[in-house]
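Each remark here refers to the structure printed beneath this line.
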Amino acid sequence: MEEGKPGMESGEHWRERAACSGSEADELFAEATQQNKAKAICATCPVQTECLAEALDTGVRFGVWGGMTERERRALLRRSPHVASWRRALDAARRRAG
Ligand code: SF4
1 MEEGKPGMES GEHWRERAAC SGSEADELFA EATQQNKAKA ICATCPVQTE
51 CLAEALDTGV RFGVWGGMTE RERRALLRRS PHVASWRRAL DAARRRAG
């Protein structure tokens with residue numbers, strides 16, 4: 001990670017700072033009626049980008065990850081089939097945003 005610029009946390013350490021850790025985690029894998037609530041939790045999460053990158057890179061099929069439902073992730077993957085690493089792509093986007 002370049003010093004002084006925001007970047008993604010490496011490895012699995014980001015999970016330790018997840019807003020969904022604890023009793024609310026089950027909501028993130030809930031049915032559609034609960035997904036808005038889960039997305040609201042994600043919106044406050046300090047590791048939302050790391051979480052979304054992992055879900056996109058590993059093909060997680062269920063639940064809300066990184067603020068996106070499975071349907072939203074599928075649509076994003078269809079729109080961007082050329083992305084080999086979402087972790088790298090999202091990290092680069094974060095760095096550009098500064
Ligand atoms: S972005 Fe959402 S699902 Fe991912 S770690 Fe944070 S709260 Fe949990």
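Be aware that the sequence shown starts at 1, since it is given in UniProt numbering, and climbs by one per residue. Every residue, glycine too, gets a C-beta built ideally from N, C-alpha and C.
- Note that the region 31-48 does not touch the region 82-93; fewer than 3 beta-carbon pairs, one per stretch, sit closer than 8 Å.
- With respect to residue 94, residue 7 sits close: the two C-beta atoms are nearer than 8 Å.
- Between the alpha carbons of residue 56 and residue 65 lies a distance of about 9 Å.
- The beta carbon of residue 9 sits closer than 7 Å to those of 47, 50, all from its chain and outside the five residues before and after it, given in chain order.
- Proximity of the beta carbon of residue 48 to the ligand SF4 is indicated: a heavy atom of the ligand is located closer than 7 Å.
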